[in-house]
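Listed in order, the protein sequences are those of chains A and B.
At position 154 of the first sequence the residue is numbered 153 (numbering that gives the first Met the number 0), and the sequence of numbers has no breaks.
At position 186 of the second sequence the residue is numbered 185 (numbering that gives the first Met the number 0), and the sequence of numbers has no breaks.
Beta carbons are placed, not taken as given, at the ideal position from N, Cα and C, and that holds for glycine.
Only a predicted model underlies this, so the values are computations on that prediction, with no experimental measurement involved.
Step one of this worksheet: look at the structure below.
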Amino acid sequence: MVNPATTETALPAGMALEIDGIRHAFTLEGRPLPVLDDVSFSVEPGEFVALLGPSGCGKSTLLRLLAGLEPPDHGEARADGVAITAPDPSRVVVFQDPTLFPWRTVRANVALGLEAQGLMKTRAYRIDEALERVGLGAFGNVYPHQLSGGMAQRAALARALVNDPRLLILDEPLGKLDSLTRMSMQSEIVDLWRRDGFTTLLVTHDVEEALFMATRVIVFSERPARITADIAIARDYPRHRSDPYFADLKRRVFGLLGMDATW
Amino acid sequence: MSDSALPRYALAAPQRPWPGVLLAAAAWAAAGAAIRFWPDEAEYTRTLAPIVFGIAVALSLLAAIGPYLPERAAKVRFAAPWAVALAIALTLWEIVTAKTGYLPRPFFVPPQELMGVFIDDWAKLLECVAHSVILLASGYALGSSLGFLTGLALGWSKAVGYWGHPILRLIGPLPATAWLPIAFFMFPSSWSAAVFLIALASGLPVAILTWSGVSAVGGAYYDIARTLGGSPRFLVLKVTIPAAMPSVFVGLFMGLSASFAVLVVAEMMGVKAGLGWYLQWAQGWAAYGNMYAALGVMAVMCSTLVTLLFQVRGRLLAWQKGLLRW
Ligand SMILES: Nc1ncnc2c1ncn2[C@@H]1O[C@H](COP(=O)(O)OP(=O)(O)OP(=O)(O)O)[C@@H](O)[C@H]1O
Ligand SMILES: [Mg+2]
Numbered sequence: 000m001v002n003p004a005t006t007e008t009a010l011p012a013g014m015a016l017e018i019d020g021i022r023h024a025f026t027l028e029g030r031p032l033p034v035l036d037d038v039s040f041s042v043e044p045g046e047f048v049a050l051l052g053p054s055g056c057g058k059s060t061l062l063r064l065l066a067g068l069e070p071p072d073h074g075e076a077r078a079d080g081v082a083i084t085a086p087d088p089s090r091v092v093v094f095q096d097p098t099l100f101p102w103r104t105v106r107a108n109v110a111l112g113l114e115a116q117g118l119m120k121t122r123a124y125r126i127d128e129a130l131e132r133v134g135l136g137a138f139g140n141v142y143p144h145q146l147s148g149g150m151a152q153r154a155a156l157a158r159a160l161v162n163d164p165r166l167l168i169l170d171e172p173l174g175k176l177d178s179l180t181r182m183s184m185q186s187e188i189v190d191l192w193r194r195d196g197f198t199t200l201l202v203t204h205d206v207e208e209a210l211f212m213a214t215r216v217i218v219f220s221e222r223p224a225r226i227t228a229d230i231a232i233a234r235d236y237p238r239h240r241s242d243p244y245f246a247d248l249k250r251r252v253f254g255l256l257g258m259d260a261t262w
Numbered sequence: 000m001s002d003s004a005l006p007r008y009a010l011a012a013p014q015r016p017w018p019g020v021l022l023a024a025a026a027w028a029a030a031g032a033a034i035r036f037w038p039d040e041a042e043y044t045r046t047l048a049p050i051v052f053g054i055a056v057a058l059s060l061l062a063a064i065g066p067y068l069p070e071r072a073a074k075v076r077f078a079a080p081w082a083v084a085l086a087i088a089l090t091l092w093e094i095v096t097a098k099t100g101y102l103p104r105p106f107f108v109p110p111q112e113l114m115g116v117f118i119d120d121w122a123k124l125l126e127c128v129a130h131s132v133i134l135l136a137s138g139y140a141l142g143s144s145l146g147f148l149t150g151l152a153l154g155w156s157k158a159v160g161y162w163g164h165p166i167l168r169l170i171g172p173l174p175a176t177a178w179l180p181i182a183f184f185m186f187p188s189s190w191s192a193a194v195f196l197i198a199l200a201s202g203l204p205v206a207i208l209t210w211s212g213v214s215a216v217g218g219a220y221y222d223i224a225r226t227l228g229g230s231p232r233f234l235v236l237k238v239t240i241p242a243a244m245p246s247v248f249v250g251l252f253m254g255l256s257a258s259f260a261v262l263v264v265a266e267m268m269g270v271k272a273g274l275g276w277y278l279q280w281a282q283g284w285a286a287y288g289n290m291y292a293a294l295g296v297m298a299v300m301c302s303t304l305v306t307l308l309f310q311v312r313g314r315l316l317a318w319q320k321g322l323l324r325w
């Protein structure tokens, strides 16, 4: 396996992120719709940060800015100290919607990043590896419309993983999976992250998932999104879902999300 | 006793002939009998009856060996109802023309006379088909490739869209045949004028539908390709073009039908070759049989070209579900 640290100039496997006073608004029906309101936080190389917040508060928007797909209205996001102005294959996104290319087989979809970067000659072996990892080894030659929703999501995950990202941005990547596959994919992603050391940002609606996977949870308010809590999760891996520590944290996070009554 | 326990030769036990194909053979035999033994109202060539009997014999042979054919080839038996229908149609045609003269000559021709045209004039017809196909292919290839590139540029570049849109809106709805008189004096030869007209007729729909296909490509596909490190060239070749392909093919089909229309008109008006010209020439001599023959050949030619395009589409768009099979 090629170690990025030996091929490039001693960059750590994970990317450092600084999000510095980002404000962003859309125009909806002629009126401005503020979505991100002075969001600032930084992420150490190799951290696993889960982002929680109510639906429509602006999490996906923040991820698009970090991917470099759109510039923020105000403020700046920096990757390893350099302002993010354009997309870069070192920062790979798994979008909320799998968006596989319907005209490509699953294998060709997973190959997309390698093709785009001209790495098909040297790294093609990674494709089958990634397909195996997400449990789609037997479905490489199938077209996306022949996959189930959950399989499509796993294919999208494989498409991100083949690129050896230094920052992996996951926008509810496991939303359509059944609870068992979901749990095994959670462990799979955590294992990969621990093995390869990339920085991970995970948006999820599942508080348990956030607590089980991440080293840190950031909670956002209703739109426009503002950070309401930043909680470190002081538990080593491998973690156990039944750990009473998580039950306490869960109550606290649900409280932050305005769900006291049922807890 | 199970099948596998039987000795091999037992599997080759005689099988019953296909009943549907047998019925078709009978229908053709009946048609042949009607042609041979029902006296003609006027004197016609006698070669048709033996051919129809020959078809009946061939069909009965097929019915006999059919059950032994491999499954792929055995699919022909599903055409049996059509074979019966054709025999009935031939008989009716024969009755209303040669036998009773119910449909007047020379505007309507009996099957014998049509067959005579093919026997006497096949070389000329073949030459006309070749001329038409070469002309059509030249114009269509030129038009659809230019149309495709134009559509791509219109959809991809804001500046091209700005200038191209009004022009296309003005020129687009104009039927290509309206350019005919101008084209024939502007171009050095009638052939090159016809190529231009066919290219125009096929290029416009291809350009418009490529453009609309390119505009409809979802932004999410570009987001994916860009975050994975795709260059603008990669985006065009690997996202825009494949995503727009279904729409491009709609344009290619529309362009093909439009080019048939222009081909025939151009051949009738100026190009002194091809099936359109043959039609015109036959009309001049009141040779109605030749006209029907040319029409038939033209139908086969156009249908073959459409089928070819469907096959290309089937290959390229195999990923689409629910694709119409031709
Ligand atoms: N391109 C856009 N144009 C206009 N408004 C937009 C656009 N994208 C997002 N929005 C608005 O921004 C707000 C935040 O959207 P975003 O997708 O970031 O929410 P989210 O936190 O990811 O929600 P969810 O958890 O449901 O995915 C929404 O109210 C949405 O209507
Ligand atoms: Mg979202």
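Give me the chain B residues within the contact set of A/P70, using Cβ-Cβ distance strictly less than 7 Å, ordered along the chain.
The premise fails here: A/P70 is roughly 14 Å from chain B at the closest Cβ pair, so nothing lies under 7 Å.
Looking at the structure shown, is A/A49 part of a helix, part of a strand, or coil, going by DSSP?
strand
Is A/M184 closer than 9 Å to A/V133 when the C-beta atoms are compared?
yes
Please check the pair A/P97 and A/A151, which I expect to be a contact at CB under 8 Å, by giving their CB distance rounded to whole angstroms.
4 Å
Quick check: the segment 208 to 223 of chain A against the segment 177 to 194 of chain A, are there 3 or more CB pairs under 8 Å?
yes
At a Cβ threshold of 9 Å, is A/V1 touching chain B?
In this predicted model, A/V1 has a pLDDT of only 45, less than 50, meaning its place in the structure is not dependable; the value taken from the coordinates is given anyway. Closer than 9 Å: no.
Closer than 8 Å to a non-hydrogen atom of ligand 2 - does that hold for the CB of A/Q95?
yes
Helix, strand or coil: how does DSSP classify A/V1 here?
Residue placement at A/V1 is poorly supported in this model, since its pLDDT is 45, which falls under 50; the coordinates still yield a value, given next. The answer is coil: DSSP assigns A/V1 none of H, G, I, E or B.
A/H73: beta carbon under 8 Å from a heavy atom of ligand 1?
no
Whose C-alpha, out of B/V235, B/I50, B/A129 and B/V270, is nearest the C-alpha of B/S188?
B/V270
How would you write the range of the beta strand (DSSP E) that A/T26 sits in, first residue to last?
L16 to L27
So, does the CB of A/D96 fall closer than 9 Å to a CB anywhere in chain B?
yes
Hey, quick one: how far does the alpha helix (DSSP H) through B/G202 stretch, first residue to last?
S189 to S214
Of all the options A/A15, A/G139 and A/R22, which has the alpha carbon lying nearest to the alpha carbon of A/R90?
A/A15
Is the CB of B/R225 under 9 Å away from at least one CB in chain A?
yes
Any beta carbon of chain A sitting closer than 9 Å to that of B/S211?
no
Can you tell me whether B/P69 is helix, strand or coil according to DSSP?
coil
How would you call A/D242, buried or exposed, if buried means at least 16 neighbouring beta carbons within 10 angstroms?
exposed
Can you pull the chain A residues whose beta carbon is under 9 Å from the beta carbon of B/W155, in chain order?
Near B/W155 there are no residues of chain A at all, since even the closest Cβ is about 18 Å away, more than 9 Å.
Whole-number beta carbon distance between A/K58 and A/A224, since they are thought to touch under 8 Å
7 Å
Give the residues of chain A in contact with B/Y220, contact being defined as C-beta atoms less than 7 Å apart.
T98 and F100
Can you tell me which of the three DSSP states A/S54 falls into?
coil
Have a look at A/V216, A/R193, A/R194 and A/F197 and flag the residue whose alpha-carbon is nearest the alpha-carbon of A/T203.
A/V216
Looking at C-alpha atoms only, which residue of B/S246, B/V249, B/G250 and B/G217 is the closest neighbour of B/L234?
B/G217
State yes or no: is the C-beta of B/G212 within less than 9 Å of the C-beta of B/G138?
no
Mind pulling the alpha helix (DSSP H) runs of 4 or more residues that sit fully within the segment 68 to 110 of chain A?
105 to 109
Taking Cβ-Cβ distances shorter than 8 Å, what residues in chain A pair up with B/F309?
Under the 8 Å cutoff, chain A gives no residues; its nearest Cβ is about 18 Å from B/F309.
List, in chain order, every chain B residue whose beta-carbon is nearer than 9 Å to that of A/V109.
Correct list: empty, because the minimum Cβ distance to chain B is about 11 Å.
DSSP state of A/R30, grouped into three classes?
strand
Give the residues of chain A in contact with B/P241, contact being defined as C-beta atoms less than 7 Å apart.
W102
Nearest-angstrom Cα distance between A/G67 and A/D37?
18 Å
Opposite A/V216 in the DSSP bridges: which residues?
A/A49 and A/I230
Which same chain residues, not among the five before or five after B/M297, have their C-beta less than 7 Å away from its C-beta?
L274
Cβ neighbours of A/Y244 in the same chain (closer than 7 Å, five flanking residues each side left out):
R234
Listed from N- to C-terminal order along the chain, which residues in the segment 134 to 149 of chain A have their beta-carbon within a distance smaller than 9 Å of any beta-carbon of chain B?
Y142, P143, H144 and Q145
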